[in-house]
Amino acid sequence: TDALVAAARADELVGHGAPTPSGREQPWPNDPYAPGEQRYRVLRSVLTGDRSAQDVIAAVTDSGLRGMGGAGFPTGRKWQLVADQPAGLKYAICNADESEPGTFKDRQILADEPHLVLEGLLLGMVCTGAEQGYVFIRHEYGPEEHVLRAEIEALRAAGLLGTDVLGSGRTLHLDIFTSPGGYILGEESALIEAMEGHRGEPRNKPPFPGIHGLWGRPTLMNSVETFADVPVIVERGPQWWRDQGAGDSIGWKFFAVSGHVERPGVYCVPMGTTARALLDEAGGMAGGAALQAIQPGGASSNFLGPDQLDVPLDFGTLAEAGSMLGSGALVAIAEGTDLLAAATNVLRFFRNESCGKCVPCRVGSTKAHTLLTDALGDGGLDDTGRERVLELEMVMRKTSICGLGQVALGPVVSVLGMHRGGTTARMHPKDDDPEIDDKAGRN
Ligand code: SF4
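Those letters in the sequence shown? Residues 31 to 473, by our numbering.
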């Protein structure tokens with residue numbers, strides 16, 4: 031219950047060690063706090079003047095940390111942008127509205143590391159000059175919301191929230207905003223619309239939330255995982271973080287692994303680990319089945335074939351391979367599965383979750399889904415159907431306002447490429463326009 035969780039933490043905010051709340055024997059590798067150590071050490075060091083806010087931003091920038099919610103925007107740049115806005119009302123928001131099929135790593139982080147999520151959020155507030163922070167949490171994440179509320183109460187009891195925190199002159203308030211529901215609210219500008227009491231639809235960008243966010247004020251928004259990575263980066267230094275990745279990759283990465291694997295679950299591995307190694311970590315294919323395809327970055331990422339299992343899981347390498355890191359969700363699919371049906375199922379999700387604001391997404395996703403389900407019922411897609419799907423995909427990718435419409439048909443097209451014996455990249459050349467990734471907006 032709330033009282034029990036709060037009682038366990040209100041005392042000194044110390045690390046409890048193994049097992050973690052989810053039953054792990056060891057803390058996750060991004061947790062700098064050993065069992066029995068006082069938590070929020072990094073935040074205290076900034077509030078007491080032992081470390082400057084600018085040093086924190088510099089560490090985050092130098093670490094190369096990028097947004098882990100899907101868009102991959104450089105975190106330090108985002109923090110600096112908000113910090114550079116004129117003094118006055120500013121906000122910071124942790125986007126915990128994780129709701130893409132196959133994506134559940136933030137849920138685990140919230141359960142096991144609420145202290146890191148909130149410490150990262152509070153550091154973001156101190157560094158940018160925001161006095162009010164929010165965690166915008168998916169409404170189905172009741173147990174995790176419960177844990178967060180207890181942690182916030184513990185912070186208040188420890189004097190780390192309120193006015194003039196630790197004599198720093200800083201005011202820090204935290205609240206939780208429970209999402210009214212809907213996948214699109216995880217898109218940063220739709221999230222802000224919902225918090226303002228409007229219909230949850232993405233805004234045209236620019237302006238971006240860092241300049242014109244909640245209530246028109248500069249707003250820092252990052253995902254759960256991004257905020258949780260900040261304390262260890264500041265504590266151990268940006269070089270330490272860079273050294274954690276495999277090969278040229280940077281840091282640690284949480285993945286949700288699901289589909290036809292022996293041990294579906296959340297895994298934290300060095301960024302740049304290959305899909306093959308991650309699948310091994312998850313016990314390999316269930317029942318020793320042969321692998322047909324993976325989706326390396328959640329439902330909106332393109333399918334890759336078994337010949338691409340050794341591609342390092344990282345932003346750049348996956349983009350080069352014709353897919354994306356996305357939300358950090360690897361889905362493995364065994365031989366014998368109808369891949370086009372699986373991709374059409376993904377499209378059905380996006381069709382259902384389209385907010386309907388722009389015509390290409392609203393109409394295009396419905397048309398494409400109808401065309402594909404009819405074709406699947408008739409035994410396959412003929413050349414005319416294929417061309418229509420490709421045309422719809424191109425129009426939606428280039429003209430939709432937000433990431434949902436831009437990527438909704440990507441997985442289907444990648445499967446069509448595989449059916450032709452080509453790779454995803456050959457069938458579906460990535461648009462080099464960097465704005466497309468930026469506009470995905472899932473922090
Ligand atoms: Fe809404 Fe789709 Fe347009 Fe995004 S692309 S704003 S989800 S209609």
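Virtual Cβ for every residue (Gly too), placed ideally from N, Cα, C.
Beta-ladder partner(s) of residue i, from DSSP
i, result
"residue 289", "362"
"residue 195", "DSSP, once it has assigned bridges, lists no residue as partnering residue 195."
"residue 283", "299"
"residue 157", "The partner list for residue 157 (beta bridge, DSSP) is empty, contrary to what the question assumes."
"residue 334", "324"
Distance between residue j and residue i (C-alpha atoms, nearest Å)
i, j, result
"residue 359", "residue 143", "19 angstroms"
"residue 297", "residue 414", "42 angstroms"
"residue 261", "residue 317", "40 angstroms"
"residue 397", "residue 409", "18 angstroms"
"residue 287", "residue 119", "40 angstroms"
"residue 430", "residue 136", "27 angstroms"
"residue 452", "residue 341", "Note on residue 452: pLDDT 46, under 50, position unreliable in the model; the coordinate value appears next. If I take the Cα positions, the gap works out to 17 angstroms."
"residue 139", "residue 412", "45 angstroms"
"residue 244", "residue 145", "24 angstroms"
"residue 306", "residue 339", "5 angstroms"
"residue 182", "residue 279", "34 angstroms"
"residue 153", "residue 89", "12 angstroms"
"residue 439", "residue 85", "43 angstroms"
"residue 442", "residue 238", "30 angstroms"
"residue 54", "residue 93", "27 angstroms"
"residue 113", "residue 346", "28 angstroms"
"residue 426", "residue 198", "50 angstroms"
Residue i, buried or exposed, once every other Cβ within 10 Å from all chains shown has been counted against 16
i, result
"residue 205", "exposed"
"residue 290", "buried"
"residue 350", "exposed"
"residue 428", "exposed"
"residue 332", "buried"
"residue 66", "exposed"
"residue 382", "exposed"
"residue 96", "buried"
"residue 228", "exposed"
"residue 478", "No information on residue 478 is available, as it lies outside the stretch 31 to 473 that the chain covers here."
"residue 117", "exposed"
"residue 128", "buried"
"residue 304", "buried"
"residue 371", "exposed"
"residue 125", "buried"
Spatial neighbours of residue i in its chain, beta-carbon cut-off 7 angstroms, leaving aside the 5 residues before and after
i, result
"residue 418", "401"
Cβ-based neighbour list, residue i, same chain, cut-off 6 angstroms, excluding 5 preceding and 5 following
i, result
"residue 185", "191"
"residue 149", "70, 73 and 261"
"residue 170", "none"
"residue 387", "231"
"residue 423", "439 and 443"
"residue 373", "441, 442 and 445"
Spatial neighbours of residue i in its chain, beta-carbon cut-off 8 angstroms, leaving aside the 5 residues before and after
i, result
"residue 315", "290, 291, 292, 309, 321, 362 and 364"
"residue 230", "210, 212, 214, 215, 220, 221, 223, 224 and 385"
"residue 189", "195 and 196"
Any C-beta of chain B under 9 angstroms from that of residue i
i, result
"residue 412", "Judged by its chain identifiers, the structure shown contains no chain B, having just a single protein chain."
Just list the alpha helix (DSSP H) runs in the stretch 202 to 262, keeping only unbroken ones of 4 residues or longer that don't cross its boundaries, in chain order.
-> Listed in chain order, the complete alpha helix (DSSP H) runs (minimum 4 residues) inside the stretch 202 to 262 are 218 to 225.
Taking the runs of the alpha helix (DSSP H) that are 4 residues or longer, which of them lie wholly in the stretch 301 to 329?
-> 305 to 311
Any beta strand (DSSP E) of 3 or more consecutive residues that is wholly inside the stretch 341 to 405 = 359 to 364
Continuous beta strand (DSSP E) assignments of at least 3 residues falling wholly in the stretch 97 to 163 | For the stretch 97 to 163, whole beta strand (DSSP E) runs of length 3 or above, ordered along the chain, are 121 to 126.
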